[in-house]
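K.L.:
In our numbering, the protein residues as written are 56 to 596.
Have a look at this one before I ask anything.
Printed below as a string of structure tokens:
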């Protein structure tokens, strides 16, 4: 596929809610007041990328993570999914802001025999307080297990509520099993083998051939200085080993590029788990006609009405009824945390992409760069404001609301009607093998990475900081890649910030902002579901 540089230079100039993301790498942890009351349906990250496992180049992987900040030791009930909710991944395969395909996950939790594991105690049969009464292995996964989680996946074509519905199936039928969370090494001596047994291959996707499905606990995939980010960005903000203002970067723990070699600056990796819903779907199932670009986002919904049961049981603690109401929404990372104002965070979670224009001012006139200007202008030795001044911020609109023309913007895209916050992926670009991936994705000439989709190893924190501060106003190294001409200039100006001098409109656009937390794709699993085995609640053998 040959992409015209001229086409790329035609940056869209419109204003609506743009997923111009942010600082914290965990996309959506407790990001709105309302969702803090419903942690089981709180989406944390959403990924969409061309599968880079060997031999899977004709597939796209969709990963929706839920339930943030899972302490591995968080027993005894751990992190079952909500059987009263629906969890959905929506795909738009034309230029509009509406879903054409939805994959809906619905969970069901049950006690063995209706009571769980029971023991004879002095002639009385009594249920135990734990989820298991012995070791659980891949060869004996259920004998000692007293509570099970199962789920179904429904493919909906058209509107998510009124479209045509068909179940995904595997050799055992339409019911899938979610493995028990990683309680600890005594209960689950080989968790990886146990959980891998619940990766479903050759899943029949109606009208689409076969794919793969997995739902279960995984280790958090993102490195981030989460506490420091929200403490007025209380961290080393500029990358570089010789920075005199932040001598921490001269520590031997940093390499020549200023990247941390250990996990001291990370609040999540190695410390927290999430619950993953993963699908691998044939590209031909997701695209429509000749259009190669798809957009996607994930949501979770609960019934409109809830009545607390005064005599709760395992099966029912509340009575639910009425229409489904969307409680959580996520595509690009960190929009709600650091772009949307406090008063509208719950509104954003409830909104569909078709009405994003209602929140446009948060994107076209973002406050995050102004906050960074207040916090770091003096430390950077700047004589004036360091926040970009090209209002409205059409560079952000292009990067996160419409996609780059010629890269990941659909053909026929209308900037007056189609701008919407979703993750967009050009399915014709080849996947980059894990070991060759650059954590800066598109801005490092790796066309398979963010913001062309998003992989688990993409460092969206550093990318977001730099783009928010005007990186796209300056030359970027995409000339040869987007033109398909090896002799073309490597660096090009995308023309997204008007005719102003980038040094004037975005003076800090080339400052290598960072949160100091490293991200390395090679530390992640190279095969579906790509995220690592969850951290054990008890590491003792």
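No residue lacks a Cβ here, since even glycine has one placed at the ideal position from N, Cα and C.
Please read all numbers here as calculations on a predicted model, not as lab measurements.
What does the alpha-carbon distance come out to for the pair residue 130 and residue 139?
P.N.:
Taking the straight line joining both Cα atoms gives about 21 Å.
K.L.:
Looking at residue 363 and residue 373, is the spacing between their C-beta atoms short of 8 Å?
P.N.:
Against a cut-off of 8 Å, the Cβ pair of residue 363 and residue 373 comes out as a contact.
K.L.:
My output table needs one value for residue 206: the three-state DSSP class, helix, strand or coil.
P.N.:
Residue state, collapsed to three classes: strand.
K.L.:
Touching or not, the segment 257-274 and the segment 552-559, by the rule of three or more beta carbon pairs under 8 Å?
P.N.:
Not touching, per the Cβ criterion.
K.L.:
Give the single residue among 376, 366 and 422 whose Cα lies nearest to the Cα of residue 397.
P.N.:
Closest option to residue 397, Cα to Cα, is 422.
K.L.:
Can you list, in chain order, the residues of its chain with a C-beta nearer than 8 Å to that of residue 192? Leave out the 5 residues immediately preceding and following it.
P.N.:
Counting only Cβ-Cβ distances below 8 Å, and skipping sequence neighbours, we find 243, 244, 245, 248 and 249.
K.L.:
Tell me which same chain residues have a C-beta within less than 6 Å of the C-beta of residue 632, skipping the five on either side of it?
P.N.:
No answer is possible for residue 632: the residues shown for the chain start at 56 and end at 596.
K.L.:
Please look up how many angstroms separate the CB atoms of residue 478 and residue 387, rounded, as I've assumed it's under 8 Å.
P.N.:
About 6 Å; that satisfies the 8 Å criterion.
K.L.:
CA-CA distance, residue 395 and residue 417?
P.N.:
Those two C-alpha atoms are separated by around 6 Å.
K.L.:
Enumerate in chain order the residues of its own chain whose CB-to-CB distance from residue 199 is below 8 Å, with the five nearest sequence positions on each side excluded.
P.N.:
Taken in chain order, the residues that qualify are 172, 187, 188, 189, 190 and 191.
K.L.:
Who are the Cβ neighbours of residue 195 in its own chain at under 8 Å, not counting the five residues just before and after it?
P.N.:
There are no such residues.
K.L.:
Look up residue 586 in the DSSP assignment and give the residues it is bridged to.
P.N.:
Looking at the DSSP assignment, residue 586 forms no beta bridge with any residue, so it has no partner.
K.L.:
Taking residue 336 as part of the beta strand (DSSP E), name the residues at either end of that continuous run.
P.N.:
Counting along the chain, the beta strand (DSSP E) containing residue 336 begins and ends at 328-337.
K.L.:
Which residues in the same chain have their Cβ closer than 7 Å to the Cβ of residue 481, if we skip the five residues on either side of it in sequence?
P.N.:
These residues qualify, in order along the chain: 347, 348, 462, 463 and 507.
K.L.:
Going by DSSP, what residue range makes up the alpha helix (DSSP H) through residue 161?
P.N.:
Not the alpha helix (DSSP H): residue 161 falls in the beta strand (DSSP E), residues 156-166.
K.L.:
Is it buried or exposed for residue 114, if we count other Cβ within 10 angstroms and need 16 for buried?
P.N.:
Residue 114 should be labelled buried.
K.L.:
Give me whichever residues DSSP pairs with residue 212 in a beta bridge.
P.N.:
According to DSSP, which records beta bridges pairwise, residue 212 is partnered with 156 and 219.
K.L.:
Would you identify the three-state DSSP class for residue 270, choosing helix, strand or coil?
P.N.:
The answer is strand: DSSP assigns residue 270 an E or B state.
K.L.:
Contact between the segment 118-128 and the segment 431-449 is defined here as three or more beta-carbon pairs at a separation below 8 Å; is this criterion met?
P.N.:
No: fewer than three Cβ pairs fall under 8 Å.
K.L.:
Look up residue 145 in the DSSP assignment and give the residues it is bridged to.
P.N.:
DSSP output for residue 145 lists 157 and 352 as bridge partner(s).
K.L.:
Quick check on the DSSP output: the beta strand (DSSP E) that includes residue 233 runs from which residue to which?
P.N.:
From DSSP, the beta strand (DSSP E) with residue 233 extends over 231-233.
K.L.:
Is it buried or exposed, residue 420, if we count other Cβ atoms within 10 angstroms and call 16 or more buried?
P.N.:
With fewer than 16 Cβ atoms within 10 Å of its Cβ, residue 420 is classed as exposed.
K.L.:
Please return the same chain residues whose Cβ sits closer than 7 Å to the Cβ of residue 577, not counting the five positions on each side in sequence.
P.N.:
Taken in chain order, the residues that qualify are 489 and 490.
K.L.:
At which residues does the beta strand (DSSP E) containing residue 384 begin and terminate?
P.N.:
Looking at the DSSP string, the run of the beta strand (DSSP E) that includes residue 384 is 373-385.
K.L.:
Does residue 392 pass the burial test, meaning 16 or more other C-beta atoms within 10 Å, or should it be called exposed?
P.N.:
Buried, since its Cβ has 16 or more Cβ neighbours within 10 Å.
K.L.:
What span of residues does the beta strand (DSSP E) with residue 99 cover, start to end?
P.N.:
Residues 98-105.
K.L.:
Considering only the alpha carbon of each residue, which of 512, 476, 267 and 335 lies closest to residue 413?
P.N.:
With distances taken between Cα atoms, residue 413 lies closest to 476.
K.L.:
What is the C-beta distance between residue 415 and residue 145, in whole angstroms, given that I count them as a contact (C-beta under 8 Å)?
P.N.:
The pair is not a contact, with the Cβ atoms about 21 Å apart (cut-off 8 Å).
K.L.:
At which residue ranges does the segment 492-548 contain complete alpha helix (DSSP H) runs of 4 or more residues, listed in the order of the chain?
P.N.:
You should have 515-523 and 534-538.
K.L.:
Across the segment 206-218 and the segment 99-107, are there enough close Cβ pairs to call them in contact, namely three or more that are closer than 8 Å?
P.N.:
These segments do not touch.
K.L.:
Mapping DSSP to helix, strand and coil, what is residue 261?
P.N.:
Coil.
K.L.:
Using 10 angstroms around the beta-carbon of residue 446, count the other beta-carbons present and answer buried if the total reaches 16, otherwise exposed.
P.N.:
Residue 446 should be labelled exposed.
K.L.:
Compare the C-alpha of residue 202 against each of 133, 217 and 505 and name the closest.
P.N.:
Among 133, 217 and 505, the Cα nearest to that of residue 202 belongs to 133.
K.L.:
For the beta strand (DSSP E) that contains residue 248, what are its first and last residues?
P.N.:
Unbroken run through residue 248 is the alpha helix (DSSP H), 246-251; no beta strand (DSSP E).
K.L.:
Got a sec, what are the start and stop residues for the beta strand (DSSP E) residue 119 sits in?
P.N.:
Start and end: 114-125.
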